[in-house]
Each structure stands twice: as C-alpha cells, then as structure tokens.
Amino acid sequence: MITGESGRVDAANTTFAANARRWRGPVLIGALVLAAALVVAVLTAAPRIGDLSPEGAAPEGGMALAHLLEDQGVRIRAVDDLDPATAVPGRTVFVAFPERMSTRQRDALAASGADVVLVRPDERSLTALAPGVRPEPIELPEPTDPACGVPAAVRAGPVDLEGAAYGVDPGLAADRCYPTDGQVGAASLVSVREGDRTVTVVGDATPFTNDALDERGNAALALNLLGAHPDLLWYLPVPPPAEPGQERSTSELLPAGWIWGPLQLLVAGVAVALWRGRRLGPVVTEDLPVVVPAGETVRGRARLYRRAGARDRAAAALRGDAHRELAARLGVPRGGGVAAVVDAVAARTGRPVAEVGALLDGPEPPDDPALVRLAGDLDGLRRAVRDTAADGRPGSA
Numbered sequence: 001m002i003t004g005e006s007g008r009v010d011a012a013n014t015t016f017a018a019n020a021r022r023w024r025g026p027v028l029i030g031a032l033v034l035a036a037a038l039v040v041a042v043l044t045a046a047p048r049i050g051d052l053s054p055e056g057a058a059p060e061g062g063m064a065l066a067h068l069l070e071d072q073g074v075r076i077r078a079v080d081d082l083d084p085a086t087a088v089p090g091r092t093v094f095v096a097f098p099e100r101m102s103t104r105q106r107d108a109l110a111a112s113g114a115d116v117v118l119v120r121p122d123e124r125s126l127t128a129l130a131p132g133v134r135p136e137p138i139e140l141p142e143p144t145d146p147a148c149g150v151p152a153a154v155r156a157g158p159v160d161l162e163g164a165a166y167g168v169d170p171g172l173a174a175d176r177c178y179p180t181d182g183q184v185g186a187a188s189l190v191s192v193r194e195g196d197r198t199v200t201v202v203g204d205a206t207p208f209t210n211d212a213l214d215e216r217g218n219a220a221l222a223l224n225l226l227g228a229h230p231d232l233l234w235y236l237p238v239p240p241p242a243e244p245g246q247e248r249s250t251s252e253l254l255p256a257g258w259i260w261g262p263l264q265l266l267v268a269g270v271a272v273a274l275w276r277g278r279r280l281g282p283v284v285t286e287d288l289p290v291v292v293p294a295g296e297t298v299r300g301r302a303r304l305y306r307r308a309g310a311r312d313r314a315a316a317a318l319r320g321d322a323h324r325e326l327a328a329r330l331g332v333p334r335g336g337g338v339a340a341v342v343d344a345v346a347a348r349t350g351r352p353v354a355e356v357g358a359l360l361d362g363p364e365p366p367d368d369p370a371l372v373r374l375a376g377d378l379d380g381l382r383r384a385v386r387d388t389a390a391d392g393r394p395g396s397a
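Take a look at the structure:
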C-alpha cells in the first residue's frame with residue numbers, strides 16, 4: 001500500500017514538473033509584457049520630478065535658467081502651492097504645469113494681480129487666467145521670427161516653440177508672436193494685457209530647459225519673460241485631490257482603447273494553449289477481461305436451456321463436466337474416451353459398469369424431472385469417487 005501511494009505521488013510530481021516546464025516560457029513572457037506596460041504607464045502618467053524645476057539638473061530641468069536669473073539679481077522662490085500673500089502685483093509667477101492646478105489655485109492666481117507666464121496651459125487654465133485665448137489643433141512650423149511687438153520676443157528673435165499654438169477671440173487686445181502658417185491669427189506665444197498685469201501664454205517648455213537654453217534665442221526669451229520683476233515665484237503645482245463632484249471612476253481614468261490590451265493577451269494565451277497543449281488522438285478500443293461468478297453463469301445457462309427446452313444440451317453439459325472432473329481425478333488420459341472413464345469409475349466405486357455408463361453416456365432425459373435426477377446422480381457419482389479416494393476403498397453413494 002505504501003509503495004502504491006509513493007508511486008502515485010511520484011507520478012503527480014512528474015506531471016506537475018512537466019507542466020511547469022511547458023508553461024514557464026509563456027508565463028515569463030506575459031510577466032515581462034505586464035511589467036513593461038506598468039513601467040511605461042508610470043513614467044508617462046505625469047511629468048517627472050525635476051522637470052522645469054529650478055533645482056533640476058536633468059535636460060528637462062530649469063537649473064541653468066534659475067542660475068542665470070539669480071546672476072541678474074532676480075530673487076527666485078520655488079513653491080508648490082500658491083499663497084495669496086506672496087503672489088502680489090509687482091512679481092512674476094511662472095507656472096510650469098498649469099494643468100495640475102485646482103480650481104481654487106486658478107482662482108487665487110487670477111485674483112492675485114501678479115504677472116503670469118503659463119507654459120502650455122490647458123483650456124481650464126486659459127479660461128480662468130487668459131479668457132479669450134484658445135488652443136488651436138494645428139501643426140507648428142520651424143522656428144520663425146516673432147513678428148510681434150512683445151519686447152521679450154523681439155530681443156530673442158527665433159526660438160524653439162513647436163509645442164502648441166493658440167488663437168485669440170475677436171476683439172481681445174493681445175499680442176501674438178511666432179505666428180503659424182496654417183491658421184490665420186494662431187501663434188506660439190500670446191501676451192494679454194489686463195489692467196496692470198500681463199498674462200503670457202507660451203506653447204512650449206523647450207526654451208526654459210537646460211538642454212535647449214543655449215540654442216537660438218531661447219535664453220533671451222526666458223530671461224526677459226521671467227526677469228521682468230525682481231521677484232519670481234517659480235510655481236510647480238502639486239496635482240490636487242479630486243474636487244467634490246469631479247471624482248472619476250477607474251474606467252474613466254484608463255486611456256482610450258485599453259480594452260485591446262487584455263483582449264490581445266487573451267488571444268495570445270489561447271494561441272499558446274493550442275500550440276503547447278496535449279493533442280488527443282483517435283479513440284482506441286481495448287478488449288478488457290470480464291469476470292462473472294460461476295454460479296451466476298450456471299443459473300443463466302440453465303434458464304436459457306429451460307426456456308428453449310434444450311434438455312439434450314443441458315444433459316450433455318452436465319455429463320461433460322462430470323466426465324472431465326472424474327477423468328482428472330482418476331488419472332484417465334484425455335484420449336481414453338467415455339468407456340475408459342466408466343471402467344475407472346466402476347473399478348473405484350464398485351458400482352456396475354452399466355449403471356455408471358448410463359449416467360455418463362446414457363440417453364437424453366425425457367422430461368425436466370429426469371434432467372434434475374440426472375444432475376443429482378452425477379453429483380453423487382463425483383462424491384463417491386472423492387470418498388473412495390479419501391479412504392482408499394470402494395464404496396457406494
């Protein structure tokens with residue numbers, strides 16, 4: 001019993017190991033794909049920490065610009081939340097990521113009275129801080145001349161502004177610099193004057209970054225826009241929590257077309273399963289041994305003989321069984337025939353040869369009672385042979 005259980009355990013372990021080896025490759029590939037997708041999602045979800053930061057030394061950082069501004073005597077204060085006490089007229093507020101601002105932060109900045117420089121703002125920021133300016137979905141050309149009267153743009157000349165373009169509603173007093181070719185009135189830099197304050201919309205962050213500050217007129221444009229006042233608030237908004245009524249479900253946060261990713265993985269999994277799965281061949285029939293109790297066989301054959309009235313076959317079967325048993329017990333050769341068995345039985349039991357011959361090789365029983373008597377007489381004859389073999393002398397049953 002222990003050996004059988006051990007064999008089954010070994011077989012199960014072998015099967016598990018084979019399945020593990022078979023699926024190891026597809027599982028590893030799927031895990032790598034999911035890990036890569038997660039890394040890409042995390043890296044592209046939001047700008048990296050340090051992008052346009054005055055302390056960021058990476059190519060996308062703003063450390064070089066901050067040092068140049070400080071060399072010109074500009075006092076820089078980096079903040080991640082807007083304090084109405086610091087955003088006052090006579091200062092410049094440089095907003096690196098306007099889309100991160102909450103409604104409260106946009107309203108506070110709009111009411112501050114300070115000059116504002118917005119880098120590629122979204123529609124909500126434009127509505128709050130530069131009403132009448134709207135984004136234009138057009139393709140920007142190569143750097144061109146400013147073609148406007150804004151002093152900072154005039155001093156800078158051509159710059160790298162290829163991110164976004166903006167249009168202006170009719171009737172709005174605004175200066176449009178670096179105009180585009182495809183849309184009349186659209187420009188990469190728009191300056192709007194509201195009372196004593198100026199709101200400047202810049203369509204690209206490239207001129208402010210470490211990597212591009214020394215190219216074309218990028219440095220001149222950035223220094224003149226941010227160095228117009230002695231004090232500069234370098235505002236890097238922290239994404240606020242969802243405001244009441246603006247919470248979004250998980251499905252709304254997922255990018256469009258995300259459903260195709262799981263579907264592709266499902267199709268790939270089915271393809272791998274069909275490729276690596278076990279293939280079943282045609283059905284094979286096999287003859288299995290059937291064991292039926294002897295008593296059941298005898299009773300079944302007897303019922304068949306009785307229904308068919310086949311007393312001759314029943315008598316022949318009874319006599320044949322008795323003949324084989326007696327021949328084996330008395331040592332009669334197989335080729336000896338019925339007469340040899342009759343003589344041997346008569347000699348062993350002391351019964352007359354004619355009586356024994358009538359039992360082993362007599363006529364067909366005329367009716368069922370005669371068949372029953374024949375069966376009993378044959379059984380008695382076998383017992384007589386067994387008894388004489390046991391005590392070693394002839395007798396009668």
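Under full-length UniProt numbering, the residues of the sequence shown are numbered 1 to 397, in order. The beta-carbon is built from N, C-alpha and C at its ideal position, and this holds for glycine as well. Bear in mind the structure is a predicted one, so any value in this text is a computation, not a measurement.
Beta-carbon proximity list for residue 385, same chain, < 8 Å, skipping 5 on both sides: When the five nearest sequence neighbours on each side are left out, the beta carbons in the same chain lying within less than 8 Å of the beta carbon of residue 385 are those of 326, 329, 330, 345, 348 and 349, in order along the chain.
Beta-carbon proximity check, residue 238 vs residue 100, cutoff 8 Å: Contact flag set, yes.
Reduced DSSP category for residue 94 - H, G, I as helix; E, B as strand; rest coil: If DSSP states are grouped into helix, strand and coil, residue 94 belongs with the strands.
Is residue 383 buried or exposed, if buried means 16 or more other CB atoms sit within 10 Å of its CB? With a 10 Å radius around the Cβ and a threshold of 16 neighbouring Cβ atoms, residue 383 comes out exposed.
Helix or strand or just coil, what does DSSP make of residue 115? Reduced to three states, the DSSP call for residue 115 is strand.
May I ask you to list the residues that DSSP assigns as paired with residue 191? Per DSSP, the beta-bridge partners of residue 191 are 175 and 200.
Let me check understanding here. Comparing Cα to Cα, which of 72, 63 and 56 lies closest to residue 228? Put simply, of 72, 63 and 56 the residue whose alpha carbon is nearest the alpha carbon of residue 228 is 72.
With DSSP as the reference, label residue 157 as helix, strand or coil. Judged by DSSP in its simplified three-state form, residue 157 adopts coil rather than helix or strand.
Going by other Cβ atoms of all chains shown within 10 Å of its Cβ, with 16 needed for buried, is residue 192 buried or exposed? Buried, by the Cβ-count rule.
Using a Cβ-Cβ cut-off of 8 Å, state whether residue 151 counts as contacting chain B. Among the chains in the structure shown there is no chain B, since it carries only a single protein chain.
How about residue 130 and residue 202: are their beta carbons less than 8 Å apart? No, the Cβ-Cβ distance between residue 130 and residue 202 is not below 8 Å.
Between residue 148 and residue 175, which are expected to be in contact by the criterion C-beta below 8 Å, what is the C-beta distance as a whole number of angstroms? Contact between residue 148 and residue 175 holds: their C-beta atoms lie close to 5 Å from each other, under 8 Å.
Using a 10 Å radius around the Cβ and a threshold of 16 neighbouring Cβ atoms, would you call residue 62 buried or exposed? Residue 62 should be labelled buried.
So what's residue 231 in DSSP terms, helix, strand or just coil? Here residue 231 sits in strand by DSSP.
Once the 5 residues before and after residue 371 are set aside, which same chain residues still bring their CB inside 7 Å of it? Excluding residues within five positions, the ones whose Cβ falls inside 7 Å are 311, 314, 315 and 365.
Measure the C-alpha to C-alpha separation of residue 214 and residue 265 and round it to an integer number of angstroms. The alpha-carbon separation between residue 214 and residue 265 amounts to approximately 46 Å.
Specify the secondary structure class of residue 356 as computed by DSSP and reduced to three states. In the three-state scheme derived from DSSP, where H, G and I count as helix and E and B as strand, residue 356 is classed as helix.
Give the DSSP-derived three-state secondary structure of residue 138 in the structure shown. Three-state result, residue 138: coil.
Compute the Euclidean distance between the alpha carbons of residue 60 and residue 209, then round it to the nearest angstrom. Rounded to whole angstroms, residue 60 to residue 209 spans 5 Å at the Cα level.
Helix, strand or coil for residue 78, going by three-state DSSP, please let me know. The DSSP-derived three-state label of residue 78 is strand.
If we count the other Cβ atoms within 10 Å of its Cβ and call it buried at 16 or more, is residue 90 buried or exposed? Looking at its Cβ environment, which holds fewer than 16 other Cβ atoms inside 10 Å, residue 90 is exposed.
From the DSSP output, which residues share a beta bridge with residue 167? Paired residues: 134.
Helix, strand or coil at residue 258 according to DSSP, with G and I counted as helix: For residue 258, the three-state secondary structure derived from DSSP is coil.
Could you check whether residue 161 and residue 189 sit closer than 8 Å to each other, using their CB atoms as the reference points? For residue 189 and residue 161, yes; Cβs fall inside 8 Å.
Could you tell me the boundaries of the alpha helix (DSSP H) in which residue 60 lies? DSSP places residue 60 in no alpha helix (DSSP H); its state is neither H nor E.
Proximity to residue 117 [Cα-Cα], best of 282, 186 and 204: For residue 117, the nearest C-alpha among the options comes from 204.
Does the beta-carbon of residue 304 have 16 or more other beta-carbons within 10 angstroms, so that it is buried, or is it exposed? Under this definition residue 304 is an exposed residue.
Exposure label - residue 282; buried when at least 16 CB within 10 Å: Exposed.
Assign residue 217 to one of two classes, buried (16 or more other C-beta atoms within 10 Å of its C-beta) or exposed (fewer than that). Within 10 angstroms of the beta-carbon of residue 217 lie 16 or more other beta-carbons, which makes it buried.
If you follow the alpha helix (DSSP H) that residue 150 is part of, which residue opens it and which one closes it? Careful: residue 150 lies outside any alpha helix (DSSP H) and carries neither H nor E.
Does the beta-carbon of residue 363 have 16 or more other beta-carbons within 10 angstroms, so that it is buried, or is it exposed? With a threshold of 16 other beta carbon atoms within 10 Å, residue 363 falls short and is exposed.
For the alpha helix (DSSP H) containing residue 320, name the first residue and the last one. Run containing residue 320: 311-330, per the alpha helix (DSSP H) assignment.
Report buried or exposed for residue 106, applying the criterion of at least 16 other Cβ atoms within 10 angstroms of its Cβ. Counting the other CB atoms within 10 Å of its CB gives residue 106 a total of 16 or more, which places it among the buried residues.
Going along the chain, which residues of its own chain have a beta-carbon closer than 7 Å to the beta-carbon of residue 376, five neighbours each way excluded? Cβ-Cβ distances below 7 Å link residue 376 to nothing in the same chain once the five nearest sequence neighbours on each side are left out.
Taking C-beta to C-beta, are residue 353 and residue 342 nearer than 8 Å? For residue 353 and residue 342, yes; Cβs fall inside 8 Å.
Three Cβ pairs or more, each shorter than 8 Å: is that satisfied between the region 158-173 and the region 120-137? Verdict: yes, contact present.
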